[in-house]
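Residue numbers (my numbering), protein chains in the order written: chain L, 282 to 846; chain A, 98 to 475. Everything below concerns the one structure shown next.
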């Protein structure tokens, strides 16, 4: 056991994370964050960046829900409404989802594999600042979108920006150019960071940590980053083609000159579908770390969990055209994409069963992170089942581009992804700040948000079934959509209340929370062996591990895991 | 919240006559549905109860709710049956898995008298994993085969010789509708015959776009199909009873995507033939409205609009030859009436902000004359 860290000894053997702060001015602090190459600081900045844009995108959504609360409403103009849904979608995927997953990967992966930083710390900082530039560029369109002379205008082509609506003929001014450039710049950052994390996981694990002994979070982030490399490149390629169309007179997507509208769809969704798995796999990763700790059991079927995720990664690159069942593909092509899409259900089902298997026979503690995990399991189950409905191509001919689809992907991305981001924030908050959050406020946040979520998104399936298309700024009375839309909009109030409590809780607990100690959850992975917050070098001595749960081995020397794995 | 009342009601509810006919026919239909209900329709009962109570709260005419579970045409029926089957299976999965989750949460919660020891550590189980891999695999197999059958049934259906051919061309933000074999051009309101018993009259639609991607969706008649520039798509419908079925563009196509509404009028074969005969006539040339015709022919109206038999042959906007045979203006933005027409021509942007038709700034006299002329175009 020599060299293996034990709980507590590190923190007593070295000064706490912050170096002497006495003589530092505010300016020094800001400077230290701007020039940092520390994976923890960059991780936190990614997370804060994601949360800020989460609030922005939430406000955009709230405005749209006011507009749609009743038929024939005049709260927003059609032009503004179209900008809002474009910016909401683009923001949530590129400025909330991607920064948050990279933030957590940045912060956690080195700590969990016993490394002192990522493989390329400077590349890491470069990737982060590129993402920031991408976000600012996108939002600058509100000022500069019509060109420097005119008033600003944000992009209004929808987050998947179908051609030829993005062509010069239909999208004048520069708002679409901001959309292209903002995302492209962020995309380069994503590729840099993904390559960095892959290298780190493959080359910098501590002694004893074979691939088969990595925490599942590291495994799933490895797969996620591989998918980023595969998925972002086609999007960047398509965006370059679109730029050429818009500025240099090429005709890739210019249908008036013989270009192809479906070409863009294929390029976009060959990025877009893996992208949703890129977002949800880190959510799986958080669930795979948090559920075992609060069930007090090892993860059930570790090798199967890894295999299932690898399978999802592979299958996910062959399902893209299920977003395109209505474009008039042949019946053979449609059938192929039905089969491949339905196949995703198998590994995803296996994962849900394995989480249930982990809880089975355990002693469940319902602290806030675990509550979010249980809500995640429930909501992700529903999202998977509506996904099966959408995978049945003829059913999809009805549901595609309706509010049913909107409800479905909010179940995956809010009910799945955002909920697990909350779980992860509550779970690792004590590690990052050294303080405990208020459990009481956490539970208020949980119940308000989850109730509001279900009020909004359960209801949202029904107008889709009743024929309400997405992306309409208003609708006729007498279609049977009015009361339902009012209920959907009311749910937003509860969600906002939940978010306010969450923000208050984080800000207050970060300064006034009770000290957390190194290991407040009695957990088993390496990050809980170092101090909270961890020192800049993470571990005074690089740990050696013998099993997937090194801290379990230390806490139960008579019954260690490595005997059974 | 900014709100102003429009002088002309936007299309909120149909006129009284339509309500009467569709409602009574709706009653007859539901009897038939109950007889036909074999297996997957029972779950529908629950859905319909919720739907009806919501609609009752809104005082909605259910015949005009474009529900995908109130099919009235062959492809929509096939889809609705498949949907029922998929819903039964997914509901069963939901009950089992959510039940297991609920059981685990209740049964395995840490009790108040917990002794603080860790539970038995189980790392996995080969047979259990094999079981919950095999069962989803079988379910996926069944679902895939069923789906593939319906894809073929709808998509590869053979076109009978008596089928009606219609071209639908999407524009920002209206529908051009052409009957190439009948020589009819109209807009926004599709008229088709109903199949009656053994005499089948399906309509095959040829879908194209003049600008960006649109999508043709009338949920009670069929699933949606996109209208894509440089690509000709096709779909078919075969309504079983006369009536009005509403739908709208389902693919985001720019500023006024929301007001690109569609109305499909299904007639008996005899009524449809009468409609065809009326549409094939040349435009009315009422001498009392000659002044208005002059206004029409001497302003930019004719750059975009056509009226058969006049110098106006623009193709950018809807054909106006039989304008007054249509119920709505601006692709469903407002009701078609002399007052509506006047308000629309005066300022289209007020009813449909962003619409491509400009306000023509006619003086009052010319406007009156023009409206008088247009109202003769029956």
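A virtual CB, placed ideally from N, CA and C, is assigned to each residue, including glycine. Since this is a predicted model, take the numbers as computed values, not measurements.
**Message:** For the region 326–344 of chain A against the region 438–454 of chain A, do three or more pairs of beta-carbon atoms, one drawn from each stretch, fall closer than 8 Å, so that the two count as touching?
**Reply:** no
**Asked** Is the CB of residue 846 of chain L under 8 Å away from at least one CB in chain A?
**Response** yes
**Asked** How many angstroms separate the CA atom of residue 828 of chain L from the CA atom of residue 240 of chain A?
**Response** 41 Å
**Item:** Euclidean distance between Cα positions of residue 450 of chain L and residue 454 of chain A
**Value:** 17 Å
**Request:** Evaluate contact between the region 646–662 of chain L and the region 214–221 of chain A, counting only Cβ atoms and requiring at least three cross-stretch pairs below 8 Å.
**Result:** no
**Item:** Residue from L/398, L/395, L/379 with nearest C-alpha to residue 411 of chain L
**Value:** L/379
**Request:** Please determine, among A/375, A/277, A/286, A/467, the residue with the shortest C-alpha to C-alpha distance to residue 395 of chain A.
**Result:** A/467
**Request:** For my contact list, residue 333 of chain A and residue 172 of chain A are in at a C-beta cut-off of 8 Å; report their separation, rounded to the angstrom.
**Result:** 7 Å
**Asked** Is the number of C-beta pairs between the region 519–537 of chain L and the region 334–349 of chain L that are closer than 8 Å three or more?
**Response** no
**Request:** Out of L/613, L/712, L/638, point me to the one whose CA is closest to residue 578 of chain L's CA.
**Result:** L/638
**Message:** Within 8 Å of any Cβ in chain L, is that where the Cβ of residue 175 of chain A sits?
**Reply:** yes
**Request:** Please report how far the alpha carbon of residue 393 of chain A lies from the alpha carbon of residue 409 of chain A, in whole angstroms.
**Result:** 8 Å
**Asked** How is residue 122 of chain A classed by DSSP in three states: helix, strand or coil?
**Response** Reliability fails at residue 122 of chain A, whose pLDDT of 40 lies under 50, so the model's placement of it is uncertain and the value that follows must be treated cautiously. If DSSP states are grouped into helix, strand and coil, residue 122 of chain A belongs with the helices.
**Message:** Within 8 Å of any Cβ in chain A, is that where the Cβ of residue 686 of chain L sits?
**Reply:** no
**Item:** Beta-carbon proximity of residue 685 of chain L to residue 746 of chain L, cut-off 8 Å
**Value:** yes
**Message:** Excluding the 5 residues flanking residue 662 of chain L on each side, which residues of the same chain have their C-beta closer than 7 Å to its C-beta?
**Reply:** 633
**Message:** Residues of chain A with CB closer than 8 Å to the CB of residue 619 of chain L, please, in chain order.
**Reply:** 241, 244, 245, 248
**Request:** Verify the CB distance criterion: does residue 755 of chain L have a CB-CB separation below 8 Å to chain A?
**Result:** yes
**Asked** Is the Cβ of residue 446 of chain L closer than 8 Å to any Cβ of chain A?
**Response** yes
**Item:** Three-state class that DSSP yields for residue 410 of chain A in the structure shown
**Value:** strand
**Asked** Does the distance from the C-beta atom of residue 506 of chain L to that of residue 396 of chain L stay below 8 Å?
**Response** no
**Asked** In whole angstroms, what is the alpha-carbon distance linking residue 793 of chain L and residue 716 of chain L?
**Response** 8 Å
**Prompt:** Using CA coordinates, which residue listed in L/806, L/586, L/678 is at the minimum distance from residue 610 of chain L?
**Reply:** L/678
**Request:** Compute the beta-carbon to beta-carbon distance between residue 347 of chain A and residue 314 of chain A, rounded to the nearest angstrom, for a pair I have assumed lies under 8 Å.
**Result:** 4 Å
**Prompt:** Between which two residues does the beta strand (DSSP E) containing residue 290 of chain A stretch?
**Reply:** 286–290
**Prompt:** Checking contacts by CB at 8 Å: is residue 543 of chain L closer than that to chain A?
**Reply:** yes
**Own chain partners of residue 407 of chain A with C-beta closer than 8 Å, once the 5 adjacent residues on each side are dropped** = 380, 390, 393, 394, 399
**Message:** Contact defined as beta carbons within less than 8 Å: I believe residue 645 of chain L pairs with residue 569 of chain L. What is the distance between those atoms, to the nearest angstrom?
**Reply:** Not a contact, Cβ separation roughly 16 Å.
**Prompt:** What does residue 327 of chain A touch in chain L if you count any residue whose Cβ is under 8 Å from its own?
**Reply:** 536, 539, 540, 541, 542
**Request:** Step through the CB atoms of chain A and report whether any lies within less than 8 Å of the CB of residue 644 of chain L.
**Result:** yes
**Asked** When DSSP builds the beta bridges, which residues end up paired with residue 683 of chain L?
**Response** L/750
**Message:** I want to know whether the region 237–253 of chain A touches the region 609–625 of chain L - three or more CB-CB distances under 8 Å.
**Reply:** yes
**Asked** Quick one, are the C-beta atoms of residue 182 of chain A and residue 243 of chain A less than 8 Å apart?
**Response** yes
**Item:** C-beta neighbour in chain A for residue 843 of chain L, strict 8 Å
**Value:** no
**Asked** Quick one: is residue 264 of chain A near chain L, going by C-beta distance under 8 Å?
**Response** no
**Message:** Taking its Cβ as the centre, do 16 or more other Cβ atoms sit within 10 Å of residue 521 of chain L, making it buried, or is it exposed?
**Reply:** exposed
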